[in-house]
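Asker: Listed in order, the protein sequences are those of chains A and B. Note that our numbering has the first sequence beginning at 1, numbered continuously upward. Note that our numbering has the second sequence beginning at 1001, numbered continuously upward.
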Amino acid sequence: MPTANWPPAEKRSLIGKRIDRIDGPLKTTGTAKYSFDVNRPNMLWAKLVVSPFAKAEVVSIDLEPANSLRGVKATWKDDALLGKEVQYAGQIVAAVAAETEEIANEAIHRIKVEYKLSEHQVIDTNPELSKDKPSDRETGKVDEAFPQADVVVNGQYGLPVIAHCCLESHGQVTEVRDGELYVWPSTQNVSKYSDRLGESVDIPQNKIHVECQHMGGGFGSKFNFDKWGTIGALLSKQTGRPVKLLLDRDIELMIAGNRPSAYAKMKVGAKKDGTVTAVQAEVWGTGGTQGYNAPPIPYVFTKIPNTSLTGKGIRTNRGGQRAWRAPNHPQGCYITMSAFSDVAAALKMDELEFFLHNAQFTDRPEVYREELKIAADLIGYKQKAHLRGEGKADGPIKRGIGMSMHTWGGRGHPSECDVTINPDGSVETKIGTQDLGVGTRTALAIVIGETLGLPVEAIQVNIGKSEYPTSGGSGGSTTIGGISTSSRLAATDALNALLEVVSKKLNVEPDKLEASGGVIREIDKPDNKIAWKEACAMLGPNPITKRGQCVPGKAVTEHFIDANVGGVQMADVSVDTETGIVTVNEMVAVQDIGLVISLKTAESQVYGALIMGITYALFEECVYDAKTGRMLNPDMEFYRLAGIKDIGQLKVHLMTGKGYDERGVIGLGEPPVISPGAAIANAVANACGVRVPYLPLTPDRVIPVLLQQKGGIV
Amino acid sequence: MSNGSNVSDGGLSRRGFLKGIGVGSVAGGLLSPVLPTSAAENGTFRGPGEIPVSLKINGQTKKLNLEPRVTLLDALRNRLDLTGAKKVCDRATCGACTVLVDGKPVYSCTLLAIEAEDREITTVEGLGTPDKLNAVQQAFIKHDAQQCGFCTPGFIVASTAFVRNNPNASVEQVRNGLGGNLCRCGTYAGMLLAVADASKAKGGV
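1. Answer with buried or exposed for residue 1138 of chain B, where buried requires no fewer than 16 other C-beta atoms within 10 angstroms of its C-beta.
2. Report yes if the C-beta distance between residue 1096 of chain B and residue 1198 of chain B is below 8 Å; otherwise report no.
3. Less than 8 Å between the CB atoms is what I'm expecting for residue 375 of chain A and residue 597 of chain A, so what's the real figure, rounded?
4. Out of A/353, A/3, A/105 and A/27, which one is the CA nearest neighbour of residue 438 of chain A?
5. So residue 73 of chain A and residue 97 of chain A are supposed to be a Cβ contact under 8 Å. How far apart are they, rounded?
6. Are the stretch 571-591 of chain A and the stretch 694-709 of chain A touching, with three or more C-beta to C-beta distances below 8 Å?
7. Considering only DSSP beta bridges, list what residue 417 of chain A is partnered with.
8. If we call anything under 8 Å between Cβ atoms a contact, is residue 484 of chain A one with residue 447 of chain A?
9. Would a check of beta-carbon distances place residue 1187 of chain B closer than 8 Å to chain A?
10. Can you grab the Cα-Cα spacing for the pair residue 653 of chain A / residue 130 of chain A, in whole Å?
11. Can you find at least 3 beta carbon pairs, one from the stretch 80-88 of chain A and one from the stretch 53-69 of chain A, that sit closer than 8 Å?
12. Out of curiosity, what's the CA-to-CA distance linking residue 356 of chain A and residue 565 of chain A?
13. Under the assumption that residue 228 of chain A contacts residue 171 of chain A (Cβ atoms under 8 Å), give the Cβ distance between them as a whole number of angstroms.
14. Return the CA-CA distance between residue 1023 of chain B and residue 91 of chain A, expressed in angstroms with no decimal places.
15. Identify each residue in the stretch 12-38 of chain A for which the Cβ-Cβ distance to at least one residue of chain B is less than 9 Å, and report them in chain order.
16. Is the shortest distance between the beta-carbon of residue 1142 of chain B and the beta-carbons of chain A less than 8 Å?
17. Taking CB distances under 8 Å as the criterion, tell me whether residue 1173 of chain B reaches chain A.
18. Output, in chain order, the set of chain A residues within a Cβ distance shorter than 7 Å of residue 1069 of chain B.
19. Counting only Cβ-Cβ distances shorter than 9 Å, please list the residues of the stretch 587-613 of chain A near chain B, keeping chain order.
20. Taking only beta-carbon atoms, is residue 214 of chain A less than 8 Å away from chain B?
21. Smallest Cα separation from residue 327 of chain A: which of A/368, A/358, A/475 and A/569?
22. For residue 1179 of chain B, is the classification buried or exposed, using 16 other Cβ atoms within 10 angstroms of its Cβ as the cut-off for buried?
23. Going by DSSP in three states, residue 357 of chain A sits in which element: helix, strand or coil?
24. Starting from the C-beta of residue 610 of chain A, find all residues in its chain whose C-beta is less than 7 Å away, skip the five residues before and the five after it, and write them out in chain order.
25. Whole angstroms is fine: what's the gap from residue 1013 of chain B's alpha carbon to residue 105 of chain A's?
26. On the CB-based measure, 16 or more other CB atoms within 10 Å of its CB, does residue 523 of chain A come out buried or exposed?
27. Could you tell me which of A/401, A/167, A/282 and A/211 sits nearest to residue 689 of chain A, measuring between CA atoms?
28. Could I get the ranges of all uninterrupted beta strand (DSSP E) runs contained in the stretch 209-258 of chain A, with 3 residues as the minimum, in chain order?
29. Is it buried or exposed, residue 706 of chain A, if we count other Cβ atoms within 10 angstroms and call 16 or more buried?
30. Measure how close the beta-carbons of residue 358 of chain A and residue 274 of chain A come, nearest whole angstrom, since I'm counting them as under 8 Å.
31. Please give me, in chain order, every unbroken run of the beta strand (DSSP E) with length at least 3 that falls completely inside the stretch 582-625 of chain A.
32. Starting from the Cα of residue 1124 of chain B, find the closest Cα among B/1194, B/1184, B/1168 and B/1152 and give me that residue.
33. Give a yes or no on whether the minimum CB-CB distance between residue 1176 of chain B and chain A is below 8 Å.
34. For residue 665 of chain A and residue 413 of chain A, what's the separation of their Cα atoms in angstroms?
35. How big is the Cα-Cα spacing for residue 687 of chain A and residue 389 of chain A?
36. Compile a chain-ordered list of the residues in the stretch 634-659 of chain A whose CB is closer than 7 Å to at least one CB of chain B.
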């Protein structure tokens, strides 16, 4: 009988091929219904009142002026806050549900909240502001290593807090009906979203129904139901009507996802030949009101013998941190790769040679070396490379090239999936997963279609409901591993049950049969076959439904999935030394990623990661005003995302084939978004001849460094 | 709010405030009114309560009762269940709400519904269906110019208008022509190819 192991390359008809996203027609026509688009009969619109102050005692909340407005159906206030302090601007204080969105908007302005202001603290750039106990870690002995180094390079680097800025803001539509709770949230965690959601409205979990068919971006910020989930449930219960509550953009940018900042003083020792011998890092940053984990430094080069890392968290009165694609990795990567690039420059050593040489300190030296060479070829390194600052300028425009290396785990999350073969030949799957835009639906259709020898169009994919078999939240690049394994196992079991039935008709043992190209046939005598539909008709009235389960540890042992990948990126940039504007001319991503299921959507994800990386390298920053404690750019004009003109030429190369495919499936969400900041910043340093130490590389950061290089204002 | 007063009126929206006086002041007659041109030209004051509004959307006439402060985007999404156009920045920056008004792409979050009366409105739903995609939609699928897809309808509308005006566009022209829309997942690489491709479609879009 067919086994569930991934088929070898010559046997794959769908896996690893470029196949159109199956929900493309829904998304391009506006037919796809996102949670924000769910309009229920008789629905109310809810809006939130949030604190304009970063730290203040809530003395009183007067809902009455809102309640008296015609069309307002319910109001809510956070009584637990009375006499207590809000901890950041944007903290939710009260809410309104009204007949129309316009009335709800008007009503929140009527709610009177009296505050008593306290001293706030929103600055995260000064390590002296840390009051938490620092974390310390040391391997080897840095103090003994530095005096023996041929060169010791000191530097300071940093990247600010940025937001997730999901285009579909956080929130949900909630409906309490006949003692049951129906929720349409924008979530990356359909199966587990409702854990504890029912407590506030006294509805047990088995009476909560969650549905999210399409969601407009999560990036790590949409796992839980959050305060607005509770408020939606309360308002819905209070009014007996469905309530739509999606965050307005300003609130979204302040409180619905912040990537912690990281600033570092780095000291790196190396030998003349480029071998790094010691790394000392003192890191600080903020995760808002919560604690702080220092990013991993040295990043990737974890086998350097002498390293020490001190982490200092600064608690600020700012919205709390949430996981942002590859938590802590872009920070660790940016700081490490920048410092290493500065060492190569101090040694007057070619940067590619330097990174190739130090690949010995990584977990996967051979992979990184191969990737560095491929990336160099793709970007034309030989023709473009020059030592730092030694390129030819074209008038005020200087051009440079830089690189970075990264790693990520991956693996797969626990996942269960049902596959049903119906007597009419139709096939469907049910699985409580979600598609964040990465192509989860398409991947499921590919795996099941491949297994059953059917085209993707023949597979009806049902996801996004909590009633379906439980599948993990989409975090840490674990979805593709989980769902590809569970769906492969389910489809294989279902096929084998069908083969049992068919074997009698074809007069051959089931293990001599295969499903391919829409028929079931004898492997050795392909003419002894039966069409798929006819085979299914033999089932009589009863469909076959089988459940597959991904148990991560077992799935790794059996080579369905794997973890730990390496990637390399290079950037070619131009810096206008008069205006300070940085332009990305070209970027290359080379990524090791195991067995690729859906090549087209996988490549899209890497392109997307490069663009998201260009965005945080050049534009993104949550700007806070020290005096008022408020975010100054909570809108999309001044919280800038890259536009179509900002991306240059992008090239993506996935490491596939022998040596890679056998590892099994590995997730791709995080790894390629880690390196762009470092690669671009190193390219800027290579162009200018001097390090611009802080992201984003906006003119106000570039120009002062260039002026200083020239010895003052010119 | 931030000028030293310690009493907050709860909201943070400057635009909401402006929309508020636009209508409220008309009702009270206290300030010189900020009026949509069409209403001012008529010499009539409408609102502030619900008024009958007639919109021509995707070739069909829709009769609604709306407050004058309702944006075209909210009329489409909240009253007519035409949810293809998305509310993202709500401030004429990101283009997710793009619709065609008399054939031109506009940000429907920043146009009042009453300003769009007597004009031809085309939303993404009017450009194609899953069974009958237009050339831009087909090209977006072919080049996978979408991920989460939340910005996609706005881009489809803007791209359709671009392609109609720029047949045989080069990738460089597309770079310059689609600056009014933003994507967070980073789908621009596919879009550049898709829109250039679609501009070469025989028979136009």
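Positions of the beta carbon are idealized from the N, C-alpha and C atoms, including for glycine.
Answerer: From the atom records:
1. Here residue 1138 of chain B refers to the residue found at position 138 when the second sequence is read from its first residue. So residue 1138 of chain B counts as buried.
2. Within the second sequence, numbered from 1, the residue matching residue 1096 of chain B stands at position 96. Within the second sequence, numbered from 1, the residue matching residue 1198 of chain B stands at position 198. No, these two residues do not count as a Cβ contact at 8 Å.
3. On the first sequence, position 375 is the one that residue 375 of chain A refers to. On the first sequence, position 597 is the one that residue 597 of chain A refers to. Residue 375 of chain A to residue 597 of chain A, Cβ: 24 Å. No contact.
4. Taking the first residue of the first sequence as 1, we reach residue 438 of chain A at position 438. Minimum Cα distance to residue 438 of chain A is reached at A/27.
5. For this step, residue 73 of chain A is matched to residue 73 along the first sequence. For this step, residue 97 of chain A is matched to residue 97 along the first sequence. Indeed they touch by this definition, with Cβ atoms about 5 Å apart.
6. Verdict: yes, contact present.
7. Walking along the first sequence from the start, residue 417 of chain A turns up at place 417. Beta bridge pairing from DSSP links residue 417 of chain A with A/548.
8. As a working note, residue 484 of chain A is residue 484 in the first sequence. As a working note, residue 447 of chain A is residue 447 in the first sequence. Going by C-beta atoms, residue 484 of chain A is nearer than 8 Å to residue 447 of chain A.
9. Here residue 1187 of chain B is taken as the residue at index 187 of the second sequence, counted from 1. It does: the Cβ of residue 1187 of chain B has a partner Cβ on chain A nearer than 8 Å.
10. For this step, residue 653 of chain A is matched to residue 653 along the first sequence. For this step, residue 130 of chain A is matched to residue 130 along the first sequence. A direct Cα-Cα distance of roughly 42 Å separates residue 653 of chain A from residue 130 of chain A.
11. The stretch 80-88 of chain A is in contact with the stretch 53-69 of chain A.
12. In the first sequence, counting from the first residue as 1, residue 356 of chain A sits at position 356. In the first sequence, counting from the first residue as 1, residue 565 of chain A sits at position 565. Going by the C-alpha atoms only, they are around 17 Å apart.
13. Residue 228 of chain A sits at position 228 when you count from the first residue of the first sequence. Residue 171 of chain A sits at position 171 when you count from the first residue of the first sequence. Between residue 228 of chain A and residue 171 of chain A the beta-carbon gap is near 5 Å, inside 8 Å, which marks them as a contact.
14. Translated into the one-based positions of the second sequence, residue 1023 of chain B becomes position 23. Translated into the one-based positions of the first sequence, residue 91 of chain A becomes position 91. The predicted position of residue 1023 of chain B is uncertain, since its pLDDT is 37 and thus under 50; a value taken from the coordinates is nonetheless stated next. Going from the Cα of residue 1023 of chain B to the Cα of residue 91 of chain A covers about 30 Å.
15. Listed in sequence order: 18, 20, 21, 23, 24, 25, 26, 27, 28, 29, 30, 31, 32, 33, 34, 36, 37 and 38.
16. Within the second sequence, residue 1142 of chain B is the residue found at index 142, counting from 1. At least one C-beta of chain A is nearer than 8 Å to the C-beta of residue 1142 of chain B.
17. On the second sequence, position 173 is the one that residue 1173 of chain B refers to. Taking Cβ atoms only, chain A never reaches closer than 8 Å to residue 1173 of chain B, which makes this a no.
18. Numbered from 1 along the second sequence, position 69 holds the residue referred to as residue 1069 of chain B. The contacting residues are 102.
19. Flagged, chain order: 600, 601, 603, 604, 605, 607, 608, 609, 610, 611, 612 and 613.
20. As a working mapping, residue 214 of chain A is identified with position 214 in the first sequence. Interface flag for residue 214 of chain A against chain B is set, since a Cβ pair is found closer than 8 Å.
21. Start at 1 with the first residue of the first sequence, and residue 327 of chain A comes out as number 327. When each option's Cα is compared against that of residue 327 of chain A, the closest is A/475.
22. What you label residue 1179 of chain B is simply residue 179 of the second sequence in a count that begins at 1. Label assigned to residue 1179 of chain B: exposed.
23. By 1-based counting over the first sequence, the position of residue 357 of chain A is 357. Three-state DSSP puts residue 357 of chain A in a helix.
24. Translated into positions along the first sequence, residue 610 of chain A becomes position 610. Excluding residues within five positions, the ones whose Cβ falls inside 7 Å are 587, 589, 650, 672 and 676.
25. As a position in the second sequence, residue 1013 of chain B is number 13, starting the count at 1. As a position in the first sequence, residue 105 of chain A is number 105, starting the count at 1. Note that residue 1013 of chain B scores a pLDDT of 46, beneath 50, so its modelled location is shaky; the value from the coordinates is reported in the next line. Residue 1013 of chain B and residue 105 of chain A: Cα-Cα distance of roughly 9 Å.
26. Translated into the one-based positions of the first sequence, residue 523 of chain A becomes position 523. Under this definition residue 523 of chain A is an exposed residue.
27. By one-based count along the first sequence, residue 689 of chain A stands at place 689. When each option's Cα is compared against that of residue 689 of chain A, the closest is A/401.
28. As far as the stretch 209-258 of chain A is concerned, its whole beta strand (DSSP E) runs of at least 3 residues are 243-246.
29. As a first step, residue 706 of chain A is located in the first sequence; it is residue number 706 there, counting from the start. That one is buried.
30. Translated into positions along the first sequence, residue 358 of chain A becomes position 358. Translated into positions along the first sequence, residue 274 of chain A becomes position 274. About 7 Å separates the two Cβ atoms, so the contact holds.
31. As far as the stretch 582-625 of chain A is concerned, its whole beta strand (DSSP E) runs of at least 3 residues are 582-592.
32. If you number the second sequence from 1, residue 1124 of chain B lands on position 124. Checked all of B/1194, B/1184, B/1168 and B/1152; the closest Cα to residue 1124 of chain B is B/1152.
33. Residue 1176 of chain B sits at position 176 when you count from the first residue of the second sequence. It does: the Cβ of residue 1176 of chain B has a partner Cβ on chain A nearer than 8 Å.
34. Looking up residue 665 of chain A in the first sequence gives position 665. Looking up residue 413 of chain A in the first sequence gives position 413. Put simply, the backbone Cα of residue 665 of chain A is about 12 Å away from that of residue 413 of chain A.
35. The residue you call residue 687 of chain A lines up with position 687 of the first sequence. The residue you call residue 389 of chain A lines up with position 389 of the first sequence. Cα to Cα, the separation comes out at about 5 Å.
36. When CB distances to chain B are screened at a threshold of 7 Å, the residues of the stretch 634-659 of chain A falling below it are 635, 636, 637, 641, 643, 644, 645, 647 and 650, in chain order.
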